[in-house]
Each structure stands twice: as structure tokens, then as C-alpha cells.
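Q: Taking my numbering, the leading residue of the sequence shown gets 64, the next gets one more, and so forth.
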Amino acid sequence: MKVIAFNGSARKDGNTAILINQVFSELEKQDIETEMVQFSGQIIRGCIACYKCFENKDQRCNVKDDLVNDCIEKMLEADGIILASPTYFADVSSELKALIDRAGLVAKANGDMFKRKAGAAIVAVRRGGSIHAFDSMNHFFLISQMIIPGSSYWNMGFGLEKGDAEKDEEGLQTMKTLGRNMAWLLKKIQA
Ligand SMILES: Cc1cc2nc3c(=O)[nH]c(=O)nc-3n(C[C@H](O)[C@H](O)[C@H](O)COP(=O)(O)O)c2cc1C
């Protein structure tokens, strides 16, 4: 079993990555393979509304000059998908939103191709707006017919500077619980 995580932060190995790694450590304890794709330094354009995905029906985006199709392939191969983002103006980063729009439309064009995979959203935040970012990612899972595990709080961790999330004990605990619940769910889905 495998879980793929997409880190929408412009900062490599920042707070969002710290939170993802907390979830990963619990998944790995239960022999679930993990991989993180960090969008830092990547240019990922938004959906151009060409609707070619509905003509092609090849499980790929017709815009092929960035990493979105690699991400889609990893999503198809995985049993669980984590979307993770810092809070930028009370929402997800532009790059993460571009993945949501393009992978989401391709999934719709191909019969909800992520249906019944497990999906979890993670947010890093300094102070406010994280719930809105969290909702943005959960909307992708829900309209894709995916199954969402919960945790003991909404999946967010606090911090401004790189590394601050390590000091948010409740945030770290929330991620660990999420990891355990995601592992439990993945095993049920596969059974
Ligand atoms: C463009 C931009 C917008 C931001 N907007 C918010 C915001 O709306 N609310 C907030 O609490 N923090 C905001 N932040 C702070 C980040 O969410 C916070 O530093 C987060 O921990 C960064 O995660 P990272 O280390 O993974 O990049 C913003 C940061 C940037 C660069």
C-alpha cells in the first residue's frame, strides 16, 4: 500500500513538510509506503479549460509541459492521497490549487478515477484562514468520491518560520492521529 503526498508550499522542507512527515511516520510504522512531492521551485499552471481531457479520456491532462501528469500518475498508483498546503491568504497555494483543478477535471473526465481512494488534507498556518484552505482540499476529495479519515482536531499545524511547526505539540499529535486513522482506513478499504 502506498500514500502519496503533495506539498504545495513554495518553501521546501518547511512547516507543511514537517506535518506531512508526522503522518508518514505513523503510516510507515504500519508498513505503508510513502512519498512526498514538493512543489517548491516548480511552475504549475492552472487549468486552461480546454476540456480536451473529456475528448481524450486518457487519464491525463492535455497540457503536458509541467509536472501535473506525473502527479496524476502517482495519484492513480497510490491507495491514499494527501494534499497539503501552507495557508496563503486564507486558502491553498496557487500551485496546489492548480493541481486540484487539473487533476480534478481529468478525474471527472475519466469516471471519477480516484473513487474510493483515501484522501486527507493538511494545512500549515501562522494564525488564520486554515479552515478555508482545509475545506478547499476536502472539496476535491468529496467530489471525487474519495473517503476521508478524520483526526482529533482539524488537520492543521501552527508556525510562521520554517521549523516552527515542530513546536506545535497539538498540531503534531493531530497529524499522528490522522496517520493512524488513515492507515486503519486503508486496510479496511483494501480488505
Ligand atoms: C503569500 C503568503 C500568504 C500567507 N497567508 C497567510 C494567511 O492567510 N494566514 C496565516 O495564518 N498565515 C499566512 N501565511 C504564513 C504561512 O501560512 C506560514 O508561514 C506557514 O507555516 C508556511 O508553511 P511552509 O513552511 O510549509 O511554507 C502566508 C505566507 C505567505 C508566503
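Heads up, the beta-carbon is just placed ideally off N, CA and C, and yes, glycines get one too. The structure displayed is predicted, hence computed values, not measured ones.
Run through the stretch 69-137 for me and flag every whole beta strand (DSSP E) of 3 or more residues, listed as ranges in chain order.
A: 96-101
Q: Are residue 107 and residue 158 close, meaning C-beta to C-beta below 8 Å?
A: The residue labelled residue 107 in the question sits at position 44 within the sequence shown. The residue labelled residue 158 in the question sits at position 95 within the sequence shown. For residue 107 and residue 158, yes; Cβs fall inside 8 Å.
Q: Pick helix, strand or coil for residue 183, following the three-state DSSP scheme.
A: Taking the first residue of the sequence shown as position 1, residue 183 is located at position 120. Here residue 183 sits in strand by DSSP.
Q: Could you check what DSSP says for residue 155 in three-state terms: helix, strand or coil?
A: The count along the sequence shown starts at 1 and reaches residue 155 at position 92. Note: residue 155 maps to coil in three-state DSSP.
Q: For ligand 1, is there a heavy atom less than 7 Å away from the beta-carbon of residue 173?
A: Position 110 of the sequence shown holds residue 173. Outside the cutoff, so no.
Q: Does the stretch 225-235 come into contact with the stretch 196-213, if we say contact requires no fewer than three beta-carbon pairs (one atom in each stretch) closer than 8 Å?
A: no
Q: Between residue 130 and residue 178, what straight-line distance do the alpha-carbon atoms span, to the nearest angstrom?
A: Sequence index remark: in the sequence shown, residue 130 carries index 67 (1-based). Sequence index remark: in the sequence shown, residue 178 carries index 115 (1-based). Their Cα atoms are separated by approximately 22 Å.
Q: Does residue 123 pass the burial test, meaning 16 or more other C-beta atoms within 10 Å, or should it be called exposed?
A: Taking the sequence shown and counting its residues from 1, one reaches residue 123 at position 60. Buried.
Q: To the nearest angstrom, report how far apart residue 214 and residue 252 are at their CA atoms.
A: Counting from one through the sequence shown, the residue named residue 214 turns up at place 151. Counting from one through the sequence shown, the residue named residue 252 turns up at place 189. Near 18 Å, if we compare the C-alpha coordinates of residue 252 and residue 214.
Q: Can you tell me which of 96, 72 and 231 puts its alpha carbon nearest to the alpha carbon of residue 161?
A: Within the sequence shown, the letter at position 98 stands for residue 161. Of the candidates 96, 72 and 231, the one whose C-alpha sits nearest the C-alpha of residue 161 is 72.
Q: Following the continuous alpha helix (DSSP H) through residue 214, name the residue where it begins and the one where it ends.
A: Along the sequence shown, one-based indexing puts residue 214 at 151. Residue 214 -> no alpha helix (DSSP H), and no H or E assigned at all.
Q: Given a cut-off of 8 Å, decide if residue 134 and residue 125 are closer than it, judged by their beta-carbon atoms.
A: Here residue 125 is taken as the residue at index 62 of the sequence shown, counted from 1. Here residue 134 is taken as the residue at index 71 of the sequence shown, counted from 1. Going by C-beta atoms, residue 125 is not nearer than 8 Å to residue 134.
Q: If you run the structure through DSSP and keep just helix, strand and coil, what is residue 191?
A: The residue given as residue 191 occupies position 128 in the sequence shown. Reduced to three states, the DSSP call for residue 191 is coil.
Q: Counting beta carbon pairs with one atom in the stretch 223-231 and one in the stretch 191-201, are three or more of them shorter than 8 Å?
A: Short answer: they don't touch.
Q: Take residue 113 as the anchor and find which of 241, 247, 85 and 165 has the nearest alpha-carbon.
A: What you label residue 113 is simply residue 50 of the sequence shown in a count that begins at 1. Residue 165 is the option with its Cα nearest to residue 113.
Q: Taking 8 Å as the threshold (C-beta atoms), are residue 83 and residue 185 in contact?
A: As a working mapping, residue 185 is identified with position 122 in the sequence shown. As a working mapping, residue 83 is identified with position 20 in the sequence shown. Yes; because the gap between Cβ atoms is below 8 Å, this pair is in contact.
Q: Using 8 Å for Cβ pairs, my map puts residue 181 next to residue 231. What's the rounded Cβ distance?
A: Here residue 181 corresponds to residue number 118 of the sequence shown, with the count starting at 1. Here residue 231 corresponds to residue number 168 of the sequence shown, with the count starting at 1. Residue 181 to residue 231, Cβ: 24 Å. No contact.
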